[in-house]
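When we follow the UniProt record's numbering, the leftmost residue of the sequence shown carries the number 1, and every step to the right adds one.
Backbone N, C-alpha and C define an ideal beta-carbon position, used for all residues, glycine too.
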Amino acid sequence: MSGLIDKIQKHIQKKPISFHMPGHKNGRFIPKKVKNLLGEKYFKADLTELPGLDNLYAPEEAILKLEEKLSRYFGLPRAHLSVNGSTAAVIALLLSFFRPGEKIAIDRMSHVSLYHGMVLGDLIPEFIYPHWDEEYGLPVNKTPKAHNKSYFLTNPDYQGLIRDLTELKTDRLLLDAAHGGLIPLWRPDFFKNIAGFAVSLHKTGPFPNPLAAVVFRDKGIEVKRALNLIQTTSPSYPLMAAAEGGVDMLLKVGARAFQKAKELSDHFKEYLKKRGIGFLQDKYPADPLKVTIKAADLGVSGEKIAAKLMKKGIYPEAYGPGYVLFMFSPGNTEKDVKKLINIIETIKGTDKKIFIPKNPFSFQPELKLTPREVYYAQEKLVDLKASVGYTARDGVTVYPPGAPVLYPGEEITKEAVEYLEYHLNLGVKVTGIYDGRIKVVR
Ligand SMILES: Cc1ncc(COP(=O)(O)O)c(C=O)c1O
């Protein structure tokens with residue numbers, strides 16, 4: 001049986017006349033500007049559930065085969081394609097593995113999709129607070145110790161830091177492994193004791209945005225039903241074809257390609273060491289392809305380093321006052337790394353003290369309402385100064401590093417208000433505060 005790419009090619013070769021959706025009719029009814037940007041072929045491949053092209057909602061042919069390849073690559077018995085990122089994959093796992101009212105332990109610094117899945121599934125978060133690395137101004141997730149609990153942990157994290165969870169005894173350990181798409185290429189046993197995980201294929205692998213997968217073990221669990229609940233019934237065929245091509249590539253040449261990317265990041269790390277510039281992944285176990293440099297060692301803030309790099313055409317993954325994060329992939333070249341090093345070589349600041357946000361995890365507000373209760377609650381705006389004792393309506397987050405100071409439904413404490421006022425006065429970006437006011441639940 002040929003795959004989706006072949007089937008789409010064959011269909012295009014027939015020069016078909018479309019009296020079906022999508023309305024652009026194989027690209028005839030599309031602005032020229034858009035076609036110039038994306039190419040004619042994209043629209044010829046943008047088909048629908050025609051005979052032979054299978055159906056993501058209930059796959060039986062080429063899409064099922066693609067999902068089987070994903071499961072083989074990740075090493076767990078079942079996998080489904082997500083055409084809405086890890087966002088949909090995380091929510092689908094929450095809706096299928098847990099029942100309303102259940103408590104799930106999650107990292108305090110989790111992606112917002114975990115919280116959103118809890119609203120939909122009427123679940124209750126129990127937060128695991130991270131260690132705060134003051135050198136970089138970044139959280140480092142802790143390994144929980146309690147067995148037989150329900151967990152949904154972020155591993156690896158955005159910076160590529162990896163926790164060893166093999167000692168955790170529970171059959172309900174789920175992972176947000178959004179950043180772990182290439183892990184099977186260098187840690188084939190990584191998902192060994194995991195019941196299920198979400199992974200963004202697009203974040204690290206040879207796939208376009210927003211392809212992802214949900215991968216799991218238990219044959220009795222209906223993850224597809226949950227995915228179908230939240231995903232479109234009109235998935236993009238160019239995207240699904242790209243998913244097939246990407247997974248074929250990883251199965252065939254992934255390990256070799258990964259090795260090449262690792263050599264590039266190793267070369268960068270050697271340079272950093274020689275120049276006395278620290279990097280986060282030297283302190284903690286981590287993905288070899290992520291490098292977070294310590295801004296203080298260059299004598300300027302991470303924002304200034306990033307600005308200088310971007311001015312010269314180099315775009316890092318993320319930055320904050322204390323750090324700049326670089327992500328390597330087999331798509332990078334020696335020339336890229338050479339240019340990066342050449343620019344960093346010119347950065348020598350004299351700032352003795354770089355501003356690092358205070359630890360946003362040093363206080364632990366109490367959850368007064370469940371995610372679902374607060375979602376449907378009535379709200380009003382009050383002055384931040386007068387908000388102590390109220391329940392927060394929205395999440396309040398300081399950027400960078402995107403650390404949640406308050407989750408919706410948490411009691412606003414004196415420490416939280418003081419923390420927010422301190423950072424707002426310094427001009428730090430905070431979401432969830434509107435002109436000095438905060439939304440609370442009446
Ligand atoms: C840890 C983590 N989980 C989940 C997501 C959501 O992934 P996606 O963008 O594929 O929906 C992200 C995206 O930034 C993330 O960083």
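In the three-state reduction of the DSSP assignment, Arg187 falls in the coil class, being assigned neither a helical nor a strand state.
Taking Ile194 as reference, the option from Lys203, Phe207 and Val214 with the minimal CA-CA separation is Val214. In the DSSP assignment, Val214 is bridged to His80 and Ala198.
Leaving aside the five residues that flank Glu40 on each side, the residues in its chain whose CB is nearer than 6 Å to its CB run, in chain order, Gly27. In the DSSP assignment, Arg275 forms no beta bridge with any residue. Taking the Cα positions, His179 is about 36 Å away from Lys25. Burial state of Arg99 is exposed, judged by a 10 Å Cβ sphere holding fewer than 16 other Cβ atoms. Taking each of Glu415, Gln378 and Val374 in turn and checking the Cα distance to Ser387, the smallest one comes out for Glu415.
About 19 Å separates the beta carbon of Gly402 from that of Ile354, a gap too long to meet the 8 Å contact definition. No Cβ-Cβ contact shorter than 7 Å links Leu239 with Leu174. The C-beta of Gln159 has 16 or more other C-beta atoms within 10 Å across all chains shown, which makes the residue buried.
Taking the Cα positions, Ile221 is about 12 Å away from Pro77. Across the set Asp107, Asp248, Gly196 and His116, the C-alpha of Asp248 shows the shortest separation from the C-alpha of Lys69.
Looking at the DSSP output, Gly320 bridges to Tyr323. Annotation for Tyr158 indicates a beta carbon within 6 Å of some heavy atom of ligand 1.
DSSP places Ala178 in the coil class of the three-state scheme, outside both helix and strand. Counting other Cβ atoms within 10 Å of its Cβ, Glu244 reaches 16 or more and is therefore classed as buried. Taken through DSSP and simplified to helix, strand or coil, Ile314 comes out as coil. For Thr204, the secondary structure class from DSSP, reduced to helix, strand or coil, is helix. With a cutoff of 6 Å, Pro210 counts as near ligand 1, since its C-beta is closer than that to a heavy atom of the ligand. Every unbroken stretch of the alpha helix (DSSP H) spanning 4 or more residues and falling wholly within the segment 331-391 is given here in chain order: 334-345 and 371-375. Gly52 and His11 have their C-alpha atoms roughly 9 Å apart.
The beta carbon of Glu49 lies closer than 7 Å to those of Asn55 in the same chain, with the five residues before and after it left out. When Cβ pairs closer than 8 Å are counted between the two stretches, the segment 78-90 is seen to touch the segment 101-117, the count reaching three or more. The shortest C-alpha to C-alpha distance from Met21 to any of Lys203, Tyr73, Gln13 and Ser234 is the one to Ser234.
If you look at Arg72, you'll find it in the alpha helix (DSSP H) that goes Ala62 to Phe74.
Under the three-state reduction of DSSP, Glu421 is assigned to helix. Residue range Gly85 to Phe97 is occupied by the alpha helix (DSSP H) that includes Ala89. Exclusion of the five residues before and after Tyr136 leaves Leu280, Thr292, Lys294, Gly322 and Tyr323 as the residues of its chain whose Cβ lies within less than 7 Å of its Cβ. Ala177 sits close to Val199, with the two beta carbons spaced by under 7 Å. Taking the Cα positions, Asp351 is about 45 Å away from Phe74. Between Gly409 and Val374, the CB-CB gap stays under 7 Å. DSSP places Arg437 in the strand class (E or B) of the three-state scheme. Exclusion of the five residues before and after Ala296 leaves Ile354 as the residues of its chain whose Cβ lies within less than 6 Å of its Cβ.
Its Cα nearest to that of Pro206, the residue Gly181 stands out among Gly181, Phe191, Lys338 and His80. Assignment of beta-bridge partners to Asp287 by DSSP yields no partner.
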